[in-house]
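*Asks:*
There are 2 protein chains.
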Amino acid sequence: MKPSEGVTAEIVVQHVRSLIERGELRPGDRLPPERELAVQLGVSRPSVRAGLRSLAAIGILQTRHGAGTFITDGPPTLGSEPLSFLAALHGFTRDEMFEARRALEVGIAGLAAERATDEQIATIAEEVTGMFASLDDPQAFLIHDIRFHRAVAAASGNPILASLVEMVSALFYEQRRKTVENGRDLKQAAQAHRAIYHAIRAHDVKRARAAMSEHLSVAQQAQALENGDAAGTQVPAALPSFDAPAHRPRRPARVSVPAPASPTSAR
Amino acid sequence: MKPSEGVTAEIVVQHVRSLIERGELRPGDRLPPERELAVQLGVSRPSVRAGLRSLAAIGILQTRHGAGTFITDGPPTLGSEPLSFLAALHGFTRDEMFEARRALEVGIAGLAAERATDEQIATIAEEVTGMFASLDDPQAFLIHDIRFHRAVAAASGNPILASLVEMVSALFYEQRRKTVENGRDLKQAAQAHRAIYHAIRAHDVKRARAAMSEHLSVAQQAQALENGDAAGTQVPAALPSFDAPAHRPRRPARVSVPAPASPTSAR
DNA sequence: AAAGTCGTATGGTCAGACCATTGCTCAATC
DNA sequence: GATTGAGCAATGGTCTGACCATACGACTTT
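First to last, the sequence lines map onto chains A and B. Letter 101 of the first sequence, counting from 1, is numbered 101 in my numbering, and no numbers are missing. Remember, my numbering sits 1000 above the position in the second sequence when you count from 1.
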């Protein structure tokens, strides 16, 4: 049981939860206005706002000033903030992060090799191509890197694993956007990704797992050298403005990070 | 960028974050009173409360009526609610959950086999013993089951992986508290856990991974048969009152679920 | 028909008050 | 002197009501 957290706000949370479970609220749907919810549930508007804020904090819904409150749309995701705070609070090291990511992604690579559809394989191939095409543009390369790993996660067919790895990975990419590798690393990385792709395409589970493991080991060491530290350095603890691009229902406006691209949930 | 979420509340969140990053706030510490924070940051008290509520929602801090607001103490944890809502929202199946858990725990078992200290191994052994001692008491058995997996996660030495698997596992245990297996399953499960323990004690990475994988596969099938479904059933989507026992600083009061037992962070 | 303007709906913020709980102080009591 | 109980101050929880800021559609104008 949560230590305190109030009572009336919890009514709101439970109400929204039941609406979701009963299928009356689905991703993208709009909730009733706060004032209306208040009278419906017999609580004050501040309490409604408190409950909604809790749900917004864990990524269940998003509010748009002047427009309304909406159930978060797009692929299932957990958000990187909780982990980011946890890292700041308990001093997670970058190596621990990498290790967690490797444990996840190796399993994911294996599942992807088992199940990837032709279409998913094609998507993965596209990102590999994109990598080789941007060996001279680290920023663009990074975009394809992110999307490659997303595509593999989607091909695993397991949205939970995809969400988890997305959460862990998010902390790296923000950091990597600045400290970009040199050209030689990029070519090496591209080849590593191609190897993973080939294994998945061949539905070779064992090789896919090995290739992913190898890739992440190399990447980890490369980054350690880059930052010239003794592998015990804490994670930067910043995340100035990563947060996936908000997924506004309309407005294709997309500048920096690529679209979430529906990792795995089609449902 | 978060879609909206207000601005003043975000000031509060960032302030707390910076306090944490500067080491001025550590787990267990008490924050200034809301009224004081309000004047310090030049925002109204409702805004302070809004920011604090966001942080409370992601498990960073806890409020105690009449006492104050505290940075969450105890082992790092992410909380199961976000995943629970995500499950309700996107209809995760139980098999997907099991698969995610297996991917995580197999990796964890391998790391535990590599690194487990004698003390950690002893803790694991204790839970195995407890299982065999409660073959006739499914409730007690489940407690030891939970603690066994926690102990293995702690022995992996990676608090991030421990947090992730705890988050995923939480959804099972609440369900299992009711639908308890029969005696034969219990004995089988106890033996499976013992096999994992033996592999870890022998620091046999490969065997530890294989044993964990096997154990979770069997458990998955057993649970599928129990609920007599076609493996596609959605997760129950309830979690009436799981939430780890609040970790009150004082008051050893502990009844149902076992102590968090400091998975991995000793600080 | 296109473009700009206005108005309404809706979330964001604030102020102030009062309630509920906690935990301590201090006095009464044994 | 130790214990217990009442009282009090600190602190979070809730409410009312008002006003501001934004978004989006309807309407007007060109």
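Glycine residues also receive a C-beta, built at the ideal position from the N, C-alpha and C atoms.
1) By Cβ distance, which residues of its chain are closer than 7 Å to B/S1044, with the 5 residues on each side in sequence left out?
2) Output the distance between the C-alpha atoms of B/D1145 and A/E174, rounded to the nearest integer angstrom.
3) For B/E1010 versus B/G1051, is the C-beta spacing smaller than 8 Å?
4) Alpha carbon to alpha carbon, what distance is there between B/V1012 and A/H198?
5) Which complete beta strand (DSSP E) runs does the segment 65-95 of chain A hold, if anything under 3 residues is left out?
6) Applying the 10 Å Cβ sphere with the 16-neighbour rule, what's the burial state of A/A219?
7) Is B/F1085 close to chain A, meaning its C-beta is less than 8 Å from at least one C-beta of that chain?
8) Run through the DSSP bridge pairs and tell me what B/Q1062 is partnered with.
9) Using only CA atoms, which one of B/P1033, B/R1035, B/I1058 lies nearest to A/A89?
10) Nearest chain A C-beta to B/E1214 closer than 8 Å, yes or no?
11) Mind checking who B/R1030 pairs with in its DSSP beta bridge?
12) Which stretch, first to last residue, makes up the alpha helix (DSSP H) that contains A/V168?
13) Could you tell me which of B/L1111, B/T1069, B/T1008, B/A1170 sits nearest to B/R1026, measuring between CA atoms?
14) By the criterion of Cβ-Cβ separation under 7 Å, what are the contact partners of B/G1068 in chain A?
15) Since B/A1140 meets chain A, which of its residues come closer than 8 Å, beta carbon to beta carbon?
16) Is there a C-beta anywhere in chain A that falls below 8 Å from the one on B/R1090?
17) With 8 Å as the C-beta to C-beta threshold (strictly closer), list the residues of the segment 8-35 of chain A near chain B in chain order.
18) Locate the alpha helix (DSSP H) running through A/T117, then write down its first and last residues.
19) So, do the segment 1093-1104 of chain B and the segment 155-165 of chain A have three or more beta carbon pairs nearer to each other than 8 Å?
20) For B/E1005 versus A/A56, is the C-beta distance shorter than 8 Å?
21) For B/R1049, I'd like the list of residues in its chain whose CB is within less than 7 Å of its CB, leaving aside the five on either flank, ordered along the chain.
22) Say whether chain B places a C-beta atom closer than 8 Å to the C-beta of A/R53.
23) Among A/E226, A/S217, A/M212, which residue has its Cα nearest to the Cα of A/A113?
24) For the alpha helix (DSSP H) containing B/D1202, name the first residue and the last one.
25) What are the boundary residues of the alpha helix (DSSP H) that B/S1054 is part of?
26) Consult DSSP for A/S134 and reduce its assignment to one of helix, strand or coil.
27) Going by CA-CA distance only, name the one from B/I1108, B/H1149, B/R1177 that's closest to B/R1194.
28) Measuring only the C-alpha atoms, how far is A/R115 from A/A192?
29) Just the C-alpha distance for B/L1186 and B/R1094, rounded to the nearest angstrom, thanks.
30) What does A/S80 reach in chain B if we use C-beta pairs closer than 7 Å?
31) Under a Cβ-count criterion, where at least 16 other Cβ atoms within 10 Å of its own Cβ denotes burial, should B/V1128 be classed as buried or exposed?
32) Taking 8 Å as the CB-CB limit, is A/V316 close to chain B?
33) Can you tell which of B/V1007, B/M1097, B/Q1014, B/S1084 has its C-alpha closest to the C-alpha of B/A1224?
34) From the DSSP output, in three-state form, read off A/L225 for me.
35) Tell whether a beta-carbon distance below 8 Å holds between B/S1163 and B/L1078.
*Replies:* The short version:
1) By one-based count along the second sequence, residue 1044 of chain B stands at place 44. So the list reads A1038, once near-sequence residues are dropped.
2) Start at 1 with the first residue of the second sequence, and residue 1145 of chain B comes out as number 145. Start at 1 with the first residue of the first sequence, and residue 174 of chain A comes out as number 174. Take the alpha-carbon of B/D1145 and the one of A/E174: they are about 38 Å apart.
3) As a first step, residue 1010 of chain B is located in the second sequence; it is residue number 10 there, counting from the start. As a first step, residue 1051 of chain B is located in the second sequence; it is residue number 51 there, counting from the start. For the pair B/E1010 and B/G1051, the CB atoms are nearer than the 8 Å cut-off.
4) The residue given as residue 198 of chain A occupies position 198 in the first sequence. The residue given as residue 1012 of chain B occupies position 12 in the second sequence. B/V1012 has its alpha-carbon roughly 48 Å from the corresponding atom of A/H198.
5) The segment 65-95 of chain A contains these whole beta strand (DSSP E) runs: 68-71.
6) Here residue 219 of chain A corresponds to residue number 219 of the first sequence, with the count starting at 1. Flag for A/A219 reads buried.
7) Your numbering for residue 1085 of chain B matches position 85 in the second sequence. Interface residue, yes.
8) Reading the second sequence from its first residue, position 62 is the one you call residue 1062 of chain B. Looking at the DSSP assignment, B/Q1062 forms a beta bridge with B/F1070.
9) As a first step, residue 89 of chain A is located in the first sequence; it is residue number 89 there, counting from the start. Per the sequence presented here, residue 89 of chain A reads as Leu, with Ala not at that position. The residue with the shortest Cα to Cα distance from A/L89 is B/I1058.
10) Stepping through the second sequence from its first residue, residue 1214 of chain B is reached at position 214. By this cut-off, B/E1214 is not an interface position.
11) Indexing the second sequence from 1 puts residue 1030 of chain B at position 30. Paired residue(s): B/F1070.
12) Here residue 168 of chain A refers to the residue found at position 168 when the first sequence is read from its first residue. Per DSSP, A/V168 belongs to the alpha helix (DSSP H) from 159-176.
13) Your numbering for residue 1026 of chain B matches position 26 in the second sequence. The residue with the shortest Cα to Cα distance from B/R1026 is B/T1069.
14) Translated into positions along the second sequence, residue 1068 of chain B becomes position 68. Chain A residues near B/G1068: none, gap ~11 Å exceeds 7 Å.
15) Start at 1 with the first residue of the second sequence, and residue 1140 of chain B comes out as number 140. Chain-order list of chain A residues neighbouring B/A1140: empty, with the shortest C-beta distance near 21 Å, by a criterion of under 8 Å.
16) On the second sequence, position 90 is the one that residue 1090 of chain B refers to. This sequence places His at residue 1090 of chain B; Arg is not what is there. Interface residue, yes.
17) Residues A9, R17, I20, E21, R26, P27.
18) To locate residue 117 of chain A, count along the first sequence from 1; it is residue 117. Run containing A/T117: none; DSSP gives neither H nor E here.
19) Yes: at least three Cβ pairs fall under 8 Å.
20) Position 5 of the second sequence holds residue 1005 of chain B. Position 56 of the first sequence holds residue 56 of chain A. Yes.
21) Counted from its first residue, the second sequence places residue 1049 of chain B at position 49. Counting only Cβ-Cβ distances below 7 Å, and skipping sequence neighbours, we find E1034.
22) Counting from one through the first sequence, the residue named residue 53 of chain A turns up at place 53. For A/R53, a Cβ of chain B is located within less than 8 Å of the residue's own Cβ.
23) As a first step, residue 113 of chain A must be located in the first sequence, where it is residue number 113. Ranking the options by Cα distance to A/A113, first place goes to A/M212.
24) Counting from one through the second sequence, the residue named residue 1202 of chain B turns up at place 202. The displayed chain sequence assigns Ala, not Asp, to residue 1202 of chain B. Careful: B/A1202 lies outside any alpha helix (DSSP H) and carries neither H nor E.
25) Your numbering for residue 1054 of chain B matches position 54 in the second sequence. Taken as a continuous stretch (DSSP letters only), the alpha helix (DSSP H) holding B/S1054 covers 1045-1057.
26) As a first step, residue 134 of chain A is located in the first sequence; it is residue number 134 there, counting from the start. In this structure, A/S134 counts as coil in the three-state DSSP scheme.
27) Counted from its first residue, the second sequence places residue 1194 of chain B at position 194. Considering only alpha carbons, the answer is B/H1149.
28) Residue numbering aside, residue 115 of chain A sits at position 115 when the first sequence is read from its first letter. Residue numbering aside, residue 192 of chain A sits at position 192 when the first sequence is read from its first letter. For A/R115 and A/A192, the distance between alpha carbons rounds to 21 Å.
29) Residue mapping note: residue 1186 of chain B aligns to position 186 of the second sequence, counting from 1. Residue mapping note: residue 1094 of chain B aligns to position 94 of the second sequence, counting from 1. Going by the C-alpha atoms only, they are around 20 Å apart.
30) Walking along the first sequence from the start, residue 80 of chain A turns up at place 80. Going along chain B, no residue has its Cβ under 7 Å from A/S80, so there is no contact; the nearest lies around 11 Å.
31) The residue you call residue 1128 of chain B lines up with position 128 of the second sequence. So B/V1128 ends up on the buried side.
32) Nothing in the structure corresponds to residue 316 of chain A, since chain A is present only between 1 and 267.
33) Position 224 of the second sequence holds residue 1224 of chain B. Residue B/M1097 is the option with its Cα nearest to B/A1224.
34) In the first sequence, residue 225 of chain A corresponds to position 225, counting from 1. Three-state result, A/L225: helix.
35) Taking the first residue of the second sequence as position 1, residue 1163 of chain B is located at position 163. Taking the first residue of the second sequence as position 1, residue 1078 of chain B is located at position 78. Yes. Within cutoff.
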